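Asker: The structure is given below, and queries will be raised subsequently.
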Amino acid sequence: MLRSATPHQALLALAGLALGGLAACSGGEPKQASSSVLPLALPRTQAERTALRAVDAFHPERDSALASGGTVVVHTESLPKQLNPLLVNTAYAKRLLQDVHATLMVRGRSGGFEPLLAERVQAVSPTEWEVTLREGVRWHDGQPFSSEDVLFSLSLFRNPEVRCDDLRWQYERLNATATDARTLRFAYAEPYFQAQAALADLPLLPRHLYDLERVQPGQTHDQSARARFVNEHPANRAWIGLGPYRLARFDSAGAELVRFAGWFEPARAGRADTIRWNLQPDPSAAFRAVLSGELDIVAMVTTEDFYSQAAVTAETEGRIVRSLLESPGYWYVAWNQLRPALADVRVRQALAHAVDMDAFVQAHYRGLAARVSGPYPPGSPFCPEDVSAPAFDPERAARLLRDSGWKDLDQDGVLERDGAPLRLELLVQAQNRTAADFGAYYQEALRRVGIALQVTPLELAQLVARRNQREYDAVMLAWAVSAEPDPEQSWHSKHAPAGSAGNNFSALVDAEVDRLIEAGQRELDPARRAELWLALHRRIAEVQPYLFGASPLRKVVSRRALHGLRWQQADPNYVTRELGFARSADAAQGAPR
Amino acid sequence: MSARLVRLLLRLLVRWAITVPLVVLIVVLAFRLAPGDVRALHSEGAEGRTATESLSSQRFAEEHLLDASVWRQYAHALGPFDLSPRGHRWFGGDGTRPWHGLLALEFGTEWSRPQVRIRDELAQRALTTVPLALGAFVVALLLALPVSVWLALLSTAPRGRYVARLVSTFLLLLDALPGFALALLLVALLGPQGTNWFPATGLDSREPQLPFLLDRAWHLVLPVLALSLGGIAHLARQLSTNLLQLEREEWMRAARANGLTRAQALRRHALPHALPPLIGLFGGALPALVSGAVVVETVFALQGLGSYATEAVLARDLSIVLATCTLAAVVAVVGSVLADELVRSLDPRSRQGDVTHG
Amino acid sequence: MADPLRSLAACVLGALLALAWLAPLVANDKPLWADARDVQAAQLAQVELGAALDQYRTALAADAAATQASTAWTELERAWEQAAARSSAPESEVARVRSTMTDCAKRPERLVDVQRLLAPWLENLELPRVRRMVGSPVLASVDSGALLRLALLPVLACLVFWTARGRLPDGHRLWWALGLAASTVLVWVGLQAVQQPELARVDTYRVERAQVHVDRVLWPLVQHGPAQTQLSEAWSAPGGYTRPNPHWLGTDGLGRDALSRLLHGSAISLEIALLAGAVALALGWLIGTTCGLLGGWFDTLCVRLMETLASIPFLFLAIVVLALVRGRVVPSVTVALLVAAVAWVPVARLVRAQTLVERAREHVQALRVVGIPEGWILLRHILPATLPAAATAAAFLAGSAVGVEAALSWLGLATTIPQPTWGALAGEAGGLERWWLWLPPSLLVALTCACLLVLGDRREEPRS
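Dropping the structure here:
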């Protein structure tokens, strides 16, 4: 048979195979979301925002219908390198530490602080507190928690060789003394609005593990040896903490948290017996995993996957639920004001008016992102309602550029001033889709106005180096905003020069901004402080040191059987502990495939 | 036999002695020249930025010889003495960690995770990559066997020559299709959104229905296919040429005279003789397999050696990059020496000179 | 007669490269030829003229120092020259106004005359008053590199023909080479000479918004540019858009036409392959012949070096080097050179083996005995014998270069914005569902790679 096969038949067979392959691939064009449990829309008013934050996505009678126990598998796109809260201050570390560790106080629902490890916190003066620790708190290895651990943790900040530079500037000014094993007195060096927040979040380390003097008594140890012991301790990965869950496993593939029997606060105990964090850097692979039941919840779904045919089908079949979470954070383009072309505020305003950011947000995020107008994202109490981001107005941009002296004299399409053309270089992080898309879009938009923008994708090491040395015209970065951040790091002029600590990537030097920041840092009354931050937001919106981008909503896909999704300000914007499965009667409804 | 073995080992040692230090030199030089602030990268915080002149930053630089001369860095990387401030006493260290480097088989700990020994992590990741590479080669060989027999039969038939050319070209196209496209096609066709015969992510199921090894094998089916399908073209064509050459031998003609059909003769007698040189091809294909695995590991979310090295380069962790590159070089040298040896042993004409045919 | 499959491969490759080089003419948002009037530029010049006149008037009225007034006057003259350049006024009128302006130069009292003179230039602009431009906006907007590619098309055609035929022209090879070189240079210079930069402003965006008015126009086949974003049409499937200019291969996330990007990106991907192959060929041939001819310790050293290079894990080192030069050197050139730096080894091995064989041939020995210098022997005997084999090996390696580049840019390690390469285009697909974004570039990579592999295949099909 083979010998008599003609070329024609073989060709037809191959063609058929190829066509069949192509047909199988074209699963169809992405359709609009036709049916969903919740309206998938951006909250525009404060009421809508409150509603989005308050609602439990799936089940109104949350507490009674949910059972305890079981395993919840949660997705993370990155794992922290270490879990020691003193050394590591990244969002990914805090994700795991939320459940395996505890702090003296936590933020309550209404905004104040509630004591957790501390039983009672009494403010003696605006800068002094008397703290009584709770009785019977134990570390995960059984040792008791006492004021010794608190004092030891604080003393580590004074060892300059311990790698805690991120937090050192905050805790160097906090002093503590202990009257006995349960009572401490804290004093902050000067009135500082975040003093109580710093106290609440004080990283706690077990002294019996980390104190070299205690572990190896009888020898003298110098500062380097003690610091090295803390920096390289194996417990940095095999973390012994104070939280409701115990770290059972932590490796390159993920982490496993198991319920800790000695936890003292039933209200914050957590529903599942085991929480497993699975690492999956590729969001599309994570989405496929939740569809097939390998993961229970993914909070980093791309827009394409969120609205894809597969997602819509799975939702209508009742296997998954799609929901949105607010994620306070945004991306921006920082203009380096040390460059002469960008020092003029009119040029920066023109750069903002030249691009149709609303259209980009609509196309890239399908409208599920809010434009940011200043340092605080919409939804923050410090973002004034009446300040809006610059509208798309290319004529105005052209006029502003003309007024600041930029003219196209040689008709080559690029504006010049004093012989120098207006060519800017935008640094973006490689392998970042939003950055690449916005870079290309912005390049085209600026070309129409006569500005030549070159977009350079760089890998992280080079980006960080050039960013820190202010060797760029513009750089595209992102920022996750906490409840009430200290604006000094990002906006004060003392962090403007190259090589300085802090995030003033725009090299902003503005007297009014400095004054507002310093006043706000000293103001201890929350209402008056809020006024100052609102004024700060207005001033920065006027000065336009950044092209403020957008704050996207988190798109969450979770299995239908999983309940307990509740919003929180901190990353990952939902409370992992409160996730759980319904009782057996409902469990069958959302059983894995 | 033992004399040959001794000669083989000697050749291996000599090749290692030349290749591996050269690879180490290249990597160390590349890191010296690489732009980017290593210190900032390893102390990068979330909201603040560490001033690079802080004391803890300086200690980090001293410990990892970031500011040392190129000779010191090279000697430290080669070993066996550790030349950092905590290294061997002879070189100014305090003696806590005297041995380091390739010659001591001690790569130290990861720069951003000082609790993790690179040797342990390499071993764990090799457990993913090695089955993948080996499996890919074996599958490619197994799939290439029937195809090569068919090609050999076809190419000497009167009109079959054109079909043979066409099939050969189609296989060539399959070989030429970029790795990621092949992987994506396989996922689309056979993965959870296609026919759902095989999983498309990771190595372990959440609730495994099969015993551990079988479950792992099931997860590896699509990655192995993605890596192996391209190599079938090479192997099939090489095999078919060998088969046709072998057909002209006396003993093959004797087999035909005994009444076997052409296909039977090829399969039963020629194939076992044509196979061994192809095992030698594996040696040459090893570096390519490990490299090609990087793309496959990305698509299927496997934690293998390829992604380990890539992430380490992007995170500027010299210890990990050195460890992976030297491991790859060692393995590659083993592969090429074995390949040479097999070619040599089978083809007496090529014993003169040291020319290996690519 | 050459092998038909190899001829087919050569033709397909040539066609791809020709299409890639012709991409600016085939897919562009600017017309191939247009008879246009740039209304927006003329209006802008008018506005600037008015502003300059006002500034001159205020400078005089403020009774300020003479330098200010003369600066304002220079500005006024420049603005008027601009406006005149953009208007269709006859040369005589322009000359008249210019001479009058020169008269009024340093005389503040003649302000009224100047105002009266410039009044007609400041009134409402009508279409006939805008200068008419006739020419090729496409040619005006491409850079000299693209023009060089267009000029090299005849060379490409000849090379493809000779490869398909299987041999070079029998005689007059030097004349052929000189003629092709001369024609390339002439066409390139000629194309640059006919560029009219002011036509670069004519494109679909401006024509739609009536900023540029066109009377007669010839559009290219695909009326979309590779960088032209149209957010309202993002992620549309092929043919799914019913405008007069459909997107034959759909659009990507920014509404850019996928077919246009594919065509424009083909040039870079193909040139990487060619560059890698050429460098590998040159380097490999040089080192191979040197080894073969010199022999001795140099030969041994080279052989050891080649063995070493073959053992180096290529992808890891590629990632390291790419990270090194990111931001300084164009990634595509880096990838090509990286591949060539490793790929010259098989070429050198082959050439070395063949050189040894040629050296041992009797007639070459005879020549040496007679006293012919080595260089001549090299040129006349060894070069023609070794070059074809080396060329096929280099073609084989060029094929692998395409694959390597595709993998590296798909991983995101070698991208540039906005010039895409095939691998980058495939990586932008963002999911399996958008097959129209990742399948065409992958197929093109496969096709190119396969053609190069076929060209580089030295094994003969066995004959029975």
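Chains as they are written, first to last, in this note's numbering: chain A, 406 to 998; chain B, -4 to 353; chain C, 55 to 518.
For every residue, glycine included, the Cβ atom is placed at its ideal position computed from N, Cα and C.
Computed from a predicted model, the values in this text were never measured in an experiment.
(1) Report yes if the C-beta distance between residue 91 of chain C and residue 181 of chain C is below 8 angstroms; otherwise report no.
(2) Could I get the ranges of all uninterrupted beta strand (DSSP E) runs contained in the region 311 to 335 of chain C, with 3 residues as the minimum, in chain order?
(3) In chain C, what lies closer than 9 angstroms to residue 174 of chain B by C-beta?
(4) Quick one: measure Cβ to Cβ for residue 660 of chain A and residue 682 of chain A, integer angstroms, because I've assumed they're closer than 8 angstroms.
(5) Name the chain B residues that come within less than 8 angstroms of residue 616 of chain A, Cβ to Cβ?
(6) Given this structure, state the Cα-to-Cα distance separating residue 194 of chain B from residue 179 of chain B, to the nearest angstrom.
(7) Does the count of Cβ pairs from the region 148 to 160 of chain C and the region 106 to 114 of chain C closer than 8 angstroms reach three?
(8) How is residue 434 of chain A classed by DSSP in three states: helix, strand or coil?
(9) Using a Cβ-Cβ distance under 8 angstroms, would residue 315 of chain B count as near chain C?
(10) Per DSSP, what are the beta-bridge partners of residue 683 of chain A in this structure?
(11) Ordered along the chain, which non-local residues of its own chain (more than five positions away) have a Cβ less than 6 angstroms from that of residue 397 of chain C?
(12) Just the chain C side, please: which residues come within less than 9 angstroms of residue 10 of chain B by C-beta, in chain order?
(13) Using the beta-carbon of each residue, which ones in chain D are nearer than 9 angstroms to residue 496 of chain C?
(14) Would you mind stating whether residue 651 of chain A and residue 505 of chain A have Cβ atoms separated by less than 8 angstroms?
(15) Counting only beta-carbon separations shorter than 8 angstroms, does residue 373 of chain C have a partner in chain B?
(16) Using a Cβ cut-off of 7 angstroms, pull out every chain A residue sitting near residue 472 of chain C, in sequence order please.
(17) When you compare the CB of residue 521 of chain C with every CB in chain B, is at least one pair closer than 8 angstroms?
(18) Rounded to whole angstroms, what is the Cα-Cα separation between residue 459 of chain C and residue 495 of chain C?
(19) In the structure shown, what three-state DSSP assignment does residue 580 of chain A receive?
(20) Based on DSSP bridge pairs, tell me the residues matched to residue 812 of chain A.
(21) Residues of chain B with CB closer than 7 angstroms to the CB of residue 114 of chain C, please, in chain order.
(22) Against chain C, does residue 308 of chain B count as a neighbour if the rule is that its beta carbon must be under 8 angstroms from one of theirs?
(23) Output the boundary residues of the alpha helix (DSSP H) element that contains residue 945 of chain A.
(24) Leaving out five residues on either side along the sequence, give the residues of the same chain with a beta carbon under 7 angstroms from the beta carbon of residue 707 of chain A.
(25) Per the DSSP calculation, residue 774 of chain A is bridged to which residue(s)?
(26) By Cβ distance below 6 angstroms, which residues in the same chain neighbour residue 701 of chain A in space, the five residues on each side in sequence not counted?
(27) Nearest to residue 484 of chain A by CA position, among A:730, A:796, A:522, A:658, is which residue?
(28) By DSSP, does residue 597 of chain A sit in helix, in strand, or in coil?
(29) Reducing DSSP to helix, strand and coil, say where residue 543 of chain A ends up.
(30) Quick one: give me the first and last residue of the alpha helix (DSSP H) that residue 457 of chain C is part of.
(31) Would the region 220 to 227 of chain C and the region 113 to 125 of chain C be scored as touching if the rule is three or more Cβ pairs under 8 angstroms?
(32) Suppose the cutoff is 7 angstroms on Cβ atoms and the five residues either side in sequence are ignored; what does the same chain contact list for residue 534 of chain A look like?
(33) Quick one: Cα of residue 935 of chain A to Cα of residue 981 of chain A, how far?
(34) Can you name, in chain order, every residue of its own chain whose Cβ lies under 8 angstroms from the Cβ of residue 918 of chain A, other than the five neighbours on each side?
(35) Grab me the residues of residue 155 of chain B's own chain with a C-beta within less than 8 angstroms of its C-beta, minus the 5 sequence neighbours each way, in chain order.
(36) Can you check DSSP and say which residues form a bridge with residue 804 of chain A?
Answerer: Let's see:
(1) yes
(2) Note on the region 311 to 335 of chain C: there is no whole beta strand (DSSP E) run with a minimum of 3 residues.
(3) 457, 460, 461, 464
(4) Beta-carbon to beta-carbon, residue 660 of chain A and residue 682 of chain A are separated by about 5 angstroms, close enough to satisfy the 8 angstroms threshold.
(5) Within chain B, no residue comes near residue 616 of chain A; the closest Cβ sits about 18 angstroms away, beyond 8 angstroms.
(6) Between residue 194 of chain B and residue 179 of chain B, the C-alpha separation is close to 13 angstroms.
(7) no
(8) Note that residue 434 of chain A scores a pLDDT of 31, beneath 50, so its modelled location is shaky; the value from the coordinates is reported in the next line. In this structure, residue 434 of chain A counts as coil in the three-state DSSP scheme.
(9) No, residue 315 of chain B does not count as interfacial toward chain C.
(10) A:480, A:659
(11) 334, 451
(12) 358, 361, 362, 365
(13) The structure shown contains no chain D; the protein chains it does contain are A, B and C.
(14) Against a cut-off of 8 angstroms, the Cβ pair of residue 505 of chain A and residue 651 of chain A comes out as a contact.
(15) yes
(16) 845, 848
(17) The requested residue 521 of chain C does not occur in the structure, where chain C is confined to residues 55 to 518.
(18) 12 angstroms
(19) strand
(20) A:821
(21) Per Cβ cutoff of 7 angstroms: no residues; residue 114 of chain C is ~55 angstroms from chain B at best.
(22) yes
(23) 931 to 948
(24) 688, 689
(25) Note: residue 774 of chain A is bridge-paired with A:957 in the DSSP secondary-structure output.
(26) Answer for residue 701 of chain A: 477, 478, 964, 967, listed in chain order.
(27) A:658
(28) coil
(29) strand
(30) 437 to 464
(31) By the Cβ rule, the region 220 to 227 of chain C does not count as touching the region 113 to 125 of chain C, because fewer than three pairs are nearer than 8 angstroms.
(32) 526, 527, 528, 591, 604
(33) 30 angstroms
(34) 896, 897, 898, 941, 944, 945, 948
(35) 148, 149
(36) In the DSSP output, where bridge partners are listed per residue, residue 804 of chain A has none listed.
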